[in-house]
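Trainee: Attaching a single structure in structure tokens format; questions to follow.
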């Protein structure tokens, strides 16, 4: 009898059907693919067709949010729903997550530009502090023993944005063919942090920096870049979005330097040695808090007073009391001469002022001084102080601080930065970013009453100056409209053009610009120097040159004197000669000497001091006499 034995069948794994995935996993696939597809379409449409009133910042924030959300969803999908074995999931997924985690852990700091685009510094990168320390250890100082202090001439730049604070710099003819005759680099070296510009008188080049835990007022030699002197004091302002360091630009006046720190420390220093003459901590004195992104007002000298904008405590609605937050000090003694009605009465019992954050620790409240600087202008036959603070555009009597008018104007989180642009017909344009745009105002005085009326039918969104100030020349306004070069008509605010067709195409970011000898000299946010011939028909670029690292944002306003341009960011400073080869930088002529408040502001005149020719613009903005940002 034969027994039949049942032999178990061996299944062929290669022919077996794949394991059935759950409905939840299949829905996760569809949702992930759908989300990525929607994000992709949004990115294409957003960067191709959308021009939001807030500029590229909102687009970068959306992009950043989509990248973070997509990364989280992809990682989660991989470990929960990916159609691979658990072993494959871990072999591939764990190293990828570890790589991402290691990269994140290596980030030393995140720096955001004006459009909220992040830039990362890693632990393996040499820090700016290390480079500066090495430079200061090995650098030679300049010899100040034979340094003479000349009087201010119109070819100097003794305060923020020039002697009139209108961005117009008198100087020689500039070289215009940069392809065959590029600007000549004269010197370069590391510097401390912050967004201060330069004040220039003769060979002295003065700025403010963050050096370690100290704010520093530094005087360099324009010819060599070497340091004449430095005055440091304990103060260290740091803000995640804006970055560290002082913001304002020192003012040079009659043998002294007036410097205003990020926490409201106001110093008078000896111009030749840097020795302190007097010091007040303005916020400590008035017991008001600092603003979000630090004190930025560049000191303004009028008569025997030096004036700073320190803000004033606002109410729950963010409104500052009438009167404004200006305060004037006697230039000889540092005693208060007058102060705005928005400020509380000062503490007169302080025997010795502190410095930095320690002096105002525990002070509560909210202050909105804005980030513009007070300036002088002749309007309706009188000299007035224009102050564009965080809540309004104000006019003041420079003798006693009396407020003449207040025009409410709030941009974003009270971020008014641009200097008012003044015209000869008693018109003033104010501009801001964050969807606010520009307004042209006509200012009149009837008896003792001042009246403001809007010239344009509505605010112009064709010029939104977020961090920079516009320039007026030859009948048109030029500026950075949310980071892109543009030209508008002052008659109605209509756009002539925006951007260009070649090179950087006018995409200069939130940089800065000056006008010298009929040419616009622009320092872009990515550290390029650009020369533009003002033309209401199109952007006419004469030259472009990378002068500072494109990996560090450049918010510091450039400065110029006698054909040399001085540029810096938070890590390095450099000097370039951009004068024409056959046009020597003019020397100070005793017949042209004048103090900043005595210079004629009836028109702007660019003078070629070698040939004696003048280019006179009778329609130029009229503002007389002294950051940042």
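In full-length UniProt numbering, the protein residues as written are 1 to 629. We put the CB at the ideal spot given by N, CA and C, even for glycine. Quick caveat: nothing in here was measured; it's all calculated off a predicted structure.
1) Going along the chain, which unbroken runs of the alpha helix (DSSP H) with 4 or more residues stay wholly within the stretch 278-343?
2) Using 8 angstroms as the threshold, is the C-beta distance between residue 238 and residue 217 below it?
3) Could you tell me which whole beta strand (DSSP E) segments of length 3 or greater appear in the stretch 75-127?
4) Kindly identify the DSSP beta-bridge partner or partners of residue 472.
5) For residue 265 and residue 338, I'd like the C-alpha separation in whole angstroms.
6) Is the beta carbon of residue 263 sitting closer than 8 angstroms to the one on residue 356?
7) Quick check: what's the CA-CA separation for residue 283 versus residue 240?
8) Considering only their Cβ atoms, is the gap separating residue 185 from residue 486 smaller than 8 angstroms?
9) If you compare alpha carbons, which of 173, 567, 581 is closest to residue 198?
10) Between which residues of its own chain and residue 131 is the CB-CB distance below 6 angstroms, once the five residues before and five after are set aside?
11) How would you write the range of the beta strand (DSSP E) that residue 634 sits in, first residue to last?
12) In this structure, does DSSP put residue 426 in helix, strand or coil?
13) Distance, Cα to Cα, residue 30 vs residue 100?
14) Give me, in chain order, the residues of the same chain whose beta-carbon lies closer than 6 angstroms to that of residue 436; leave out the 5 immediate sequence neighbours on both sides.
15) Looking only at its chain, what residues have a beta carbon closer than 7 angstroms to the beta carbon of residue 21, apart from the 5 residues adjacent to it on each side?
16) Could you give the DSSP three-state label for residue 587: helix, strand or coil?
17) Three or more C-beta pairs under 8 angstroms: does that hold for the stretch 164-177 against the stretch 206-220?
18) Does DSSP classify residue 152 as helix, strand or coil?
19) Over what stretch of residues does the beta strand (DSSP E) that includes residue 715 continue unbroken?
20) The beta strand (DSSP E) that contains residue 375, what's its start and end?
21) State the DSSP-derived secondary structure class of residue 394, mapped to helix, strand or coil.
22) Please state the DSSP three-state secondary structure of residue 208.
23) Check whether the stretch 373-387 touches the stretch 414-421, taking contact to mean three or more Cβ pairs, one atom from each stretch, closer than 8 angstroms.
24) How should residue 139 be labelled, buried or exposed, when 16 other C-beta atoms within 10 angstroms of its C-beta is the threshold for buried?
25) What residue range is occupied by the uninterrupted alpha helix (DSSP H) comprising residue 40?
26) DSSP three-state label for residue 359, please.
27) Given this structure, state the Cα-to-Cα distance separating residue 316 from residue 579, to the nearest angstrom.
28) Would a C-beta distance cut-off of 8 angstroms place residue 183 and residue 577 closer than the cut-off?
29) Assuming residue 532 contacts residue 504 (C-beta within less than 8 angstroms), just tell me the rounded distance between them.
30) Between residue 496 and the rest of its own chain, which residues show a CB-CB distance below 7 angstroms, the 5 nearest in sequence each way excluded?
31) Return yes when the Cβ of residue 342 is within less than 8 angstroms of the Cβ of residue 401, no when it is not.
32) List in chain order: all unbroken beta strand (DSSP E) runs of 3+ residues lying wholly within the stretch 527-556.
33) I want to know whether the stretch 45-58 touches the stretch 450-467 - three or more CB-CB distances under 8 angstroms.
34) Looking only at its own chain, which residues have a Cβ that is under 8 angstroms from the Cβ of residue 113, when we skip the five neighbours before and after it?
35) Identify the continuous beta strand (DSSP E) that holds residue 190 and give its terminal residues.
36) If we ignore side chains and look at the alpha-carbon of each, how far apart do residue 134 and residue 192 end up?
Mentor: Let's see:
1) 282-286
2) no
3) Entirely contained in the stretch 75-127, the beta strand (DSSP E) runs reaching 3 residues are, in chain order, 107-112, 118-122.
4) 477
5) 18 angstroms
6) yes
7) Between residue 283 and residue 240, the alpha-carbon positions lie close to 22 angstroms from each other.
8) no
9) 567
10) 190
11) What is shown of the chain runs 1 to 629, which leaves residue 634 out entirely.
12) In the structure shown, residue 426 sits in coil (DSSP, three-state: anything other than H, G, I, E or B).
13) 25 angstroms
14) So the list reads 411, once near-sequence residues are dropped.
15) 83
16) Here the model assigns residue 587 a pLDDT of 43, short of 50, so the residue's position is not dependable and the matter cannot be decided.
17) No, the stretch 164-177 does not touch the stretch 206-220.
18) coil
19) Summary: the structure shown does not reach residue 715, with the chain confined to residues 1 through 629, and so no result is reported for it.
20) Following the DSSP letters along the chain, one finds residue 375 inside the beta strand (DSSP E) bounded by residues 375-379.
21) Residue 394: strand per DSSP, three-state reduction.
22) strand
23) yes
24) exposed
25) 23-49
26) helix
27) Straight-line Cα distance between these residues: approximately 52 angstroms.
28) yes
29) 11 angstroms between Cβ atoms; not a contact.
30) 476, 487, 488, 489, 536
31) In this structure, residue 342 does not lie closer than 8 angstroms to residue 401 by Cβ.
32) 528-533, 540-546
33) yes
34) 119, 509, 510, 525, 553
35) 184-190
36) 12 angstroms
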